[in-house]
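To convert, note that position 534 of the sequence shown is 534 in UniProt numbering; the numbers rise steadily by one, no gaps.
Since the structure comes first, as structure tokens, the remarks are kept for the end.
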Amino acid sequence: MSKMHVKLEIQSGRVKSLCFHDSRPWLLASFHTGEIIIYDYEVGVEIQRYNEFTVPVRTACFHPSLPLFAAGADDTCIKIFNYDEQRCIATFTEHLDYIRTVQFHPTKPFLVSASDDQTIRIWNYETNLCLTSISGHNHYVMSAFFHPTLPLVLSASLDDSVRVWDISSLFNDGQSSGGIFSITDAVMKFTQEEHTAGVNWAAWHPNKPMAVSCSDDESVKIWRIVETEMSLVATLRGHTGNISCACFMPNMDLVLSCSEDQTVRVWDSKRFVHLSKYKSEGNRFWCVAAHPVKPIFAAGHDNGLVIYSVTKNAPAYDTVDGNIYYYKENAIRAYNIKDESDGVTGYIKQRSSTSRQSPIDPKPTTVSYNPTHKVFLVGYPDRIEIVPANGKPGDDNQVIQGFNPVWIGRNQFVFQTDSQTQNISLREIGGSSTSTLTLKCRKIFPGPPGTIFGTDGETLFRYDIMRRSQISQTHLSNIKNIIMSPDRKHIGMLTSTDVIISDIDFNNITKVTEVVKTKSGVWFDSNVFVYSTRTHVKYLLINGEGGTLKSTPQTLYVAAISDKLYGLNIQDTVRKFPIDTLEIKFRLAIMENRIDAVVATLRSAKVCSTSIIDYLHKHGHPEIAVQFVHQPRAKFDLAMESGNLELGVDAATELADPVIWDRIADEAMAQGRFTVAEQAFKKSGNMERLAFLYLISGQTQKLNSLKVDDSLSLQRAIWSNDFKTEAILLHDVAPSIAYIAADGDDSLQSSIQVPDEIKDELKKFAKHEITSSPLKTVEKLEDWPTLYINRPKYVVTPGSQHDDDDDVENDDEENGWNFNEEAAEAKEENGEEDDDEENGWDMDDIQFDVTASPGQGAAAGFIVPSPGQSVSSQWMEGVEIAGQYAAAGEFGLALQVLSEQIALINAEPLKEHFVASYIASHVSIPALACAPPIISPLTAKFLKRKAPSPYFSIERMEKMIEEGSKLMTKGKFNAAKSIFLSLLQSIPIASVSTVEEQRKVIDAVEICRKYVIAAMLGIAQNSIKKPDKRKLEYLLYIYALKLDEKMQNIALNLAVNIATTLGCFKTALMFATDERTRKVIESKSQGNKTDAVKVDFTPVGNFEVCCNELVQIPIGEQKVSCPFCGATYKASHANELCSVCQLSKVGGIGTGLKINN
């Protein structure tokens, strides 16, 4: 029996009626409580709610084209609502009892209603008049519906009849004719009483001369209705209670029914057989409604509603070498993207006559093409079919039991065999032999050659099939699809609402969450992932930036993208759409720092909007952005940031602000552009700084000609040795210095008032005592030589500047950029330039000057050098190795990484290792006596990438293991435990450079774990002084840990002695290793080969001990483990601190420790 798929479940009160909107993803529901709610079934949210009724609303339906819906309730009222305005626009009250159904006519302004008053009424909702009342039934009329095209009405009643009424006269007049001699408005054309109990529902087929009815006699009947007769075609039985509702499924040969027996059933309307059912325990179903286009339907019950998908809607397809291969109508078709041709290339195996295909049989879930062997792997939920390309109808294709096939090479593929056993099978194409490996996963996905991606629902991993080993893993749950980039360096992953990008080893993860469900994805470039949701096609760059490419009227599964977007809809039809990729190319060029491509993109943009300018500025290219800004202040800020003094001066001239000119002067001085600085100082009125500029540049004449205040005049006089001016200015404030400066000018000196008693002392000072070094005079002010970087400079010619500020649009209200798509295509395809009359950028507007050099002087463009990257930051670049973060001094980041990788919850033991790692990777260089030492990082230069000098040493690790094992053999458990625990706690900050070293460290984790557990058991057994059951168990556990042979022998001999002492002869004989010992035990046992006390130890290959309770974990008992050291515990100890490594959370989820550079 085929299975229906639940698309959405909504919990609420009793649902009385349901109706799908023809074009919007809306479902109209009416409730026994009197509420009417419109749901968006794609998002699963409530859109609108109406509370016009206080009694049960038994019916509600949408108008097929107008923004209206009608509802009828137990208060005998029918109301019409406008859902755009969210208000009631009409009310009809002529019925005398409950309203059972209402329906709009698809073309006429008519509404038909059925009521418990035993009448059917037809209304004109434009004039708000009742056109006719049809009587004839002698019990409640349970339903009445217009024929989709003919002037007929189909009704069902509890009088056990189904009737067809001819309303041609209404269609001719559009109103009641009136008068006692007039023609009757409705004539009963057919009546059928095949049902043996009340008929609850009757409905037309949407496009065939058929109808369906259901009754309290627990049967569904299908009718053929033509011009001359109404005949019974089939009776469907299977329900065990009153059947509330039944209808046809448009575009599929299906009948739907729901019943008070708590089931919804699906029937084949051609073969008249039962196909599927869905049961909701404790809930009677009252209504069912089919979508007019999509293969979905809804059913309402006592406590809510359920939306079902008849089949999985997602198409099965594969894009290879410019062809889209997809399944449709029992064939594999090929759509060629280049010439846009479409045709059949393979045929699905035909079913036998005894197993004809059902309309709801599952479609293929995957199609995978192998161009080498020219075959398709077509995956179904329960089987795999190998379909040859260019095959013929009727070919006996090979069928394999399994699902989810994935190619791993030119000749081999893997597939899942059983969701319960979680086995993966490997098979060669054309071969019959299969090898099996056990891999815990729910679903597998294609990976690089020889590998696959797999998920167990919570963890995502990459697995090497040939080596039977896991390469990498991460904690990502509910992954439903993985798409690999063309260069096989990145993967795009989809969950129900998340889009995730990472490299193939799950590093550098980028994630965005959508509000609606994601559908599919494809790579446009190796750095751009394009994906679709229910309503849009979007893109995501590997740096996390994204946007919207196109909105889609219906769900599209993207298959390929170039200058057009290609995808499949739910009808398995290839659709193509023109698409503008200019925005993607622009952002991609910025991300990859391809400046020439950025310029080319801007050339093709008719309007350079503020969003583009902001984007360029944000991403470190103000030197480009400044060329397209016309607002003076914005232009000035960008010019200063990019170091473009010429544009900065132009903007400052417009602004005429002294503060702005001061910034110009600062930038000019930083660049050594003294001529610009001179102009800026003059404009800002900063004479002091201007004077200093003249001083340092040797402009004596200009310095002396400056009109300045007294303080600056004094400074200038000191610089230029103008003693007379010094004496005049200091005449009153510093007469002693003025007296010395006036030496040689008797009249001036005599005017200076100084006491006679110091004049003789002052005369002892010669004038050279206050003489400054002579100024070096330069005839012309010149810019100083500065550092020029050979970096492209972008200049917009004067002819390209726009006169109107409106050319730069402020599109803050929009999300994208306003690029001209047609101009871009014309330039790319024809190489034509824009006309001068157009408002866009001319092809020659932007000059891409790649010849800038120091020899070109200031015009070549000065770029202030950006600060370099520190060595420690290079250690952390692109890695997630905690040891390198710790070595760089970023302890917080290191702890964060370990928290993700090994579920770290106790960081205290790592403190000494973090500090030691930092010290080991830095050197202290003594500086001046008054200054602190210089700390310099030490890099391990023998590695291909920059990494810190290693703190963790393989040699030291091996020596510690050797030393600790010797202590264990001697019985010094505390000392041994201290050594192994210290080593174990240092491993999280290890950093190695080869796979061999990585393997040794991973092996060391297991060795340390076993020895720490053995030490804990040794300490515990030492605490028990006399022979005891627990002492015996501890020794047996130590033996079962399988440490070195000497350690095993010691533990085993002690255990045998204690077992003999305790009378546990069975256990003693089991572990006695030599004949002499066995004879001693047998003599003491005197034939008794049982244990006097029960020993909790079962010798098994995979021995596991609970490290908290120090007891063996029985086989089959639920357990949890430490994500770092692997120590096992009983499930009751989940979320506790691991007592072995003392770092991680027991049962925690970690992505796995990364240590390899």
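Even glycine gets a Cβ: it sits at the ideal position worked out from N, Cα and C.
From a predicted model like this one, the values you see are computed outputs, not experimental measurements.
* **Rounded C-alpha distance that separates F20 from K392** => Position 20 of the sequence shown, counting from 1, holds the residue named residue 20. Position 392 of the sequence shown, counting from 1, holds the residue named residue 392. For F20 and K392, the distance between alpha carbons rounds to 41 Å.
* **Residues sharing a beta bridge with G547, DSSP** => The residue given as residue 547 occupies position 547 in the sequence shown. According to DSSP, which records beta bridges pairwise, G547 is partnered with Y539.
* From N790 to G547, what distance separates their C-alpha atoms? -> By 1-based counting over the sequence shown, the position of residue 790 is 790. By 1-based counting over the sequence shown, the position of residue 547 is 547. Annotation note: pLDDT 43 at N790 (below 50); position unreliable, no value reported.
* Asked: Is the region 533-542 in contact with the region 282-299, if contact means three or more CB pairs nearer than 8 Å?
  -> With the cut-off at 8 Å, the region 533-542 and the region 282-299 do not touch.
* So what does D318 bridge to, in DSSP terms? -> In the sequence shown, the residue the question calls residue 318 occupies position 318. Assignment of beta-bridge partners to D318 by DSSP yields Y325.
* Alpha carbon to alpha carbon, what distance is there between L730 and I737? -> Residue numbering aside, residue 737 sits at position 737 when the sequence shown is read from its first letter. Residue numbering aside, residue 730 sits at position 730 when the sequence shown is read from its first letter. Separation of I737 and L730 (C-alpha to C-alpha, rounded to the nearest whole angstrom) is 7 Å.
* Asked: How is T119 classed by DSSP in three states: helix, strand or coil?
  -> As a first step, residue 119 must be located in the sequence shown, where it is residue number 119. DSSP places T119 in strand when its eight states are reduced to three.
* Which of helix, strand or coil does DSSP assign to G300? -> Counting from one through the sequence shown, the residue named residue 300 turns up at place 300. Annotated three-state conformation of G300 is strand, per DSSP.
* To do: Give the single residue among K349, T417 and T366 whose Cα lies nearest to the Cα of P388.
  => As a first step, residue 388 is located in the sequence shown; it is residue number 388 there, counting from the start. Considering only alpha carbons, the answer is K349.
* Asked: In chain order, which continuous runs of the beta strand (DSSP E) of length 3 or greater are located wholly inside the region 4-84?
  -> Counting whole runs of 3 or more residues, the region 4-84 contains the beta strand (DSSP E) stretches 5-11, 15-20, 26-31, 36-40, 45-50, 57-62, 68-73 and 78-82.
* Rounded to a whole number of angstroms, what is the C-alpha to C-alpha distance between F1097 and F461? -> The residue labelled residue 1097 in the question sits at position 1097 within the sequence shown. The residue labelled residue 461 in the question sits at position 461 within the sequence shown. Straight-line spacing of the CA atoms in F1097 and F461 works out to 36 Å.
* Asked: Roughly how many angstroms separate the alpha carbons of residue 1159 and M640, rounded to a whole number?
  -> Absent from the model: residue 1159. The displayed extent of the chain is 1 to 1157, so no value can be given.
* Element boundaries [beta strand (DSSP E), containing T451] -> Numbered from 1 along the sequence shown, position 451 holds the residue referred to as residue 451. Unbroken beta strand (DSSP E) run through T451: T451 to T455.
* **Residue span of the beta strand (DSSP E) that contains I337, given as start and end** => The count along the sequence shown starts at 1 and reaches residue 337 at position 337. Counting along the chain, I337 sits inside no beta strand (DSSP E), nor does DSSP assign it H or E at all.
* Asked: M484 bridges to which residues according to DSSP?
  -> Numbered from 1 along the sequence shown, position 484 holds the residue referred to as residue 484. In DSSP, M484 forms a bridge with I491.
* **Residues bridged to A90 [DSSP beta-bridge criterion]** => Taking the first residue of the sequence shown as 1, we reach residue 90 at position 90. Paired residues: I80.
* Asked: How about the region 1106-1121 and the region 407-426: do they share at least three Cβ pairs that are nearer than 8 Å?
  -> No: the two stretches stay apart, fewer than three of their Cβ pairs being nearer than 8 Å.
* Chain-order list of residues whose beta-carbon lies under 7 Å from that of D1044 (same chain, five-residue window excluded) -> As a working mapping, residue 1044 is identified with position 1044 in the sequence shown. If we look at D1044 and ignore the five residues flanking it on each side, its Cβ neighbours are S965.
* Along the alpha helix (DSSP H) that carries G1018, what are the first and last residues, could you check? => Taking the sequence shown and counting its residues from 1, one reaches residue 1018 at position 1018. Unbroken alpha helix (DSSP H) run through G1018: V995 to N1022.
* Asked: Rounded C-beta distance between F529 and I501? I'm assuming under 8 Å.
  -> Residue numbering aside, residue 529 sits at position 529 when the sequence shown is read from its first letter. Residue numbering aside, residue 501 sits at position 501 when the sequence shown is read from its first letter. Right, the Cβ-Cβ distance comes to about 6 Å (below 8 Å), so this counts as a contact.
* To do: Can you give me the Cβ contacts of R575 inside the same chain, cut-off strictly under 8 Å, excluding the 5 residues immediately before and after it?
  => Taking the first residue of the sequence shown as position 1, residue 575 is located at position 575. Contacts found: L556, Y566, G567, L568 and N569.
* To do: Report the partner residues of V164 according to the DSSP bridge assignment.
  => Residue numbering aside, residue 164 sits at position 164 when the sequence shown is read from its first letter. Residue pairing by DSSP places V164 opposite L154 and F190 in a beta bridge.
* At least 3 beta-carbon pairs within less than 8 Å: the region 322-330 vs the region 22-40 -> Fewer than three beta-carbon pairs drawn from the region 322-330 and the region 22-40 are found closer than 8 Å, and the two stretches are therefore not classed as touching.
* To do: For L254, count neighbouring C-beta atoms within 10 Å of its own C-beta (all shown protein chains included) and say buried if the count is 16 or more, exposed if not.
  => As a first step, residue 254 is located in the sequence shown; it is residue number 254 there, counting from the start. So L254 ends up on the buried side.
* To do: Quick one: residues in its chain with C-beta nearer than 8 Å to the C-beta of Y739, no 5 flanking neighbours on either side, listed in chain order?
  => Against the sequence shown, residue 739 aligns to sequence position 739. Taken in chain order, the residues that qualify are A727, Q749, I752, V754, K759 and L762.
* Asked: Alpha carbon to alpha carbon, what distance is there between G72 and Y98?
  -> Numbered from its first residue, the sequence shown carries residue 98 at position 98. Numbered from its first residue, the sequence shown carries residue 72 at position 72. In this model, Y98 and G72 are separated by some 8 Å (Cα to Cα).
* **DSSP-derived helix/strand/coil call for K1145** => To locate residue 1145, count along the sequence shown from 1; it is residue 1145. Judged by DSSP in its simplified three-state form, K1145 adopts strand.
* Residues of its chain near S986, where Cβ-Cβ distance is below 7 Å and the 5 sequence neighbours each way are ignored -> Start at 1 with the first residue of the sequence shown, and residue 986 comes out as number 986. Within the same chain, S986 has close Cβ partners H913 and F952.
* Can you tell me the Cβ-Cβ gap for A299 and V306, rounded? I've got them flagged as a contact below 8 Å. => In the sequence shown, residue 299 corresponds to position 299, counting from 1. In the sequence shown, residue 306 corresponds to position 306, counting from 1. Right, their Cβ atoms sit about 5 Å apart.
* Sorted by chain position, which residues of the same chain lie with C-beta nearer than 7 Å to S684's C-beta, five sequence neighbours on each side aside? -> Taking the first residue of the sequence shown as position 1, residue 684 is located at position 684. Within its own chain, the residues whose Cβ lies closer than 7 Å to the Cβ of S684, once the five positions on either side in sequence are excluded, are P658, W661, D662 and A665, listed in chain order.
* To do: With distances taken Cα to Cα, identify the nearest neighbour of S168 among A156, D159, K189 and L984.
  => For the purposes of this step, residue 168 is taken as the residue at position 168 of the sequence shown. That would be K189, whose Cα lies nearest to the Cα of S168.
* With a threshold of 16 other CB atoms inside 10 Å of the CB of T345, please say whether the residue is buried or exposed. => Here residue 345 corresponds to residue number 345 of the sequence shown, with the count starting at 1. With 16 or more other Cβ atoms within 10 Å, it is buried.
* Note down the Cα distance separating I881 from K511, rounded to an integer number of angstroms. => By 1-based counting over the sequence shown, the position of residue 881 is 881. By 1-based counting over the sequence shown, the position of residue 511 is 511. One Cα belongs to I881, the other to K511, and the distance between them is close to 21 Å.
* Asked: Beta carbon of I386, beta carbon of Q398: below 9 Å?
  -> Looking up residue 386 in the sequence shown gives position 386. Looking up residue 398 in the sequence shown gives position 398. Taking 9 Å as the Cβ cut-off, I386 and Q398 qualify as a contacting pair.
* To do: Could you tell me which uninterrupted beta strand (DSSP E) segments, each at least 3 residues in length, are contained entirely in the region 203-281, listed from first to last along the chain?
  => Qualifying beta strand (DSSP E) stretches, in chain order: 210-215, 219-225, 230-237, 243-249, 254-259, 263-268 and 274-279.
* Asked: When the Cα atoms are used, what is the spatial distance from S870 to T939?
  -> Taking the sequence shown and counting its residues from 1, the one referred to as residue 870 is at position 870. Taking the sequence shown and counting its residues from 1, the one referred to as residue 939 is at position 939. Going from the Cα of S870 to the Cα of T939 covers about 12 Å.
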